[in-house]
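Student:
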Amino acid sequence: MSWFIPAAKNADGGGGQRRISWLLTTEEGTQYKGHVTGGKAFNLPTKLPEGYHTLTLTQDDQRAHCRVIVAPKRCYEPQALLNKQKLWGACVQLYTLRSEKNWGIGDFGDLKAMLVDVAKRGGSFIGLNPIMRSIRQIRRVPAHTARLLAVG
Numbered sequence: 002m003s004w005f006i007p008a009a010k011n012a013d014g015g016g017g018q019r020r021i022s023w024l025l026t027t028e029e030g031t032q033y034k035g036h037v038t039g040g041k042a043f044n045l046p047t048k049l050p051e052g053y054h055t056l057t058l059t060q061d062d063q064r065a066h067c068r069v070i071v072a073p074k075r076c077y078e079p080q081a082l083l084n085k086q087k088l089w090g091a092c093v094q095l096y097t098l099r100s101e102k103n104w105g106i107g108d109f110g111d112l113k114a115m116l117v118d119v120a121k122r123g124g125s126f127i128g129l130n131p132i133m134r135s136i137r138q139i140r141r142v143p144a145h146t147a148r149l150l151a152v153g
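So the working numbering is basically just the index in the sequence shown, starting at one, shifted up by 1.
(1) Kindly list the residues whose CB is nearer than 7 angstroms to the CB of Leu116, restricted to its own chain and excluding five residues on each side of it in sequence; keep chain order.
(2) Looking at C-beta atoms only, is the number of pairs between the region 48-55 and the region 27-38 that lie closer than 8 angstroms three or more?
(3) State yes or no: is the C-beta of Gly39 within less than 9 angstroms of the C-beta of Arg20?
(4) By the 10 Å Cβ neighbour count, where 16 or more other Cβ atoms means buried, how is Gly107 classified, buried or exposed?
(5) Anyone know if the C-beta pair for Leu98 and Ile132 falls short of 9 angstroms?
(6) Rounded to the nearest angstrom, what separates Val119 and Ala42 at their Cα positions?
(7) Give the single residue among Gly124, Cys67, Gly90 and Phe109 whose Cα lies nearest to the Cα of Trp23.
(8) DSSP on Thr97, reduced to helix/strand/coil?
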């Protein structure tokens, strides 16, 4: 993994090949460090563990941080799929579930009931979209209120 550090500007505005220190801290706290001259590329360690790590660049009294995320090459696969078993399940939007117990928009009780029902029928999974706050919970001011007014 290579990173390019642009050439730094001196305080007087002139270009300069300033020395920049870098520090990579892994989730576990292991640290890798080095130096690079502005305008040059540098390589991070190639055997980083999976996880969320922090890269810190320091030049004089300036400091910048960024996240370095190392993900597995493949996502988790259940043993049944590795054994080439055929599985089925249901995909659902939580808010589309209806029951006599909810207020017209699905909740986790409805989801649990659906999980039980799918399992009773031989299903192996539920595909569920990400669960986010409802639009009613997101505070937002329209850019222009004219579209909220009925004209004519």
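Quick reminder that beta carbons are idealized off the backbone N, C-alpha and C, glycines included.
Tutor: Reading off the structure:
(1) Ile127
(2) yes
(3) yes
(4) buried
(5) Against a cut-off of 9 angstroms, the Cβ pair of Ile132 and Leu98 comes out as no contact.
(6) 53 angstroms
(7) Cys67
(8) In the structure shown, Thr97 sits in a helix (DSSP, three-state: H, G or I).
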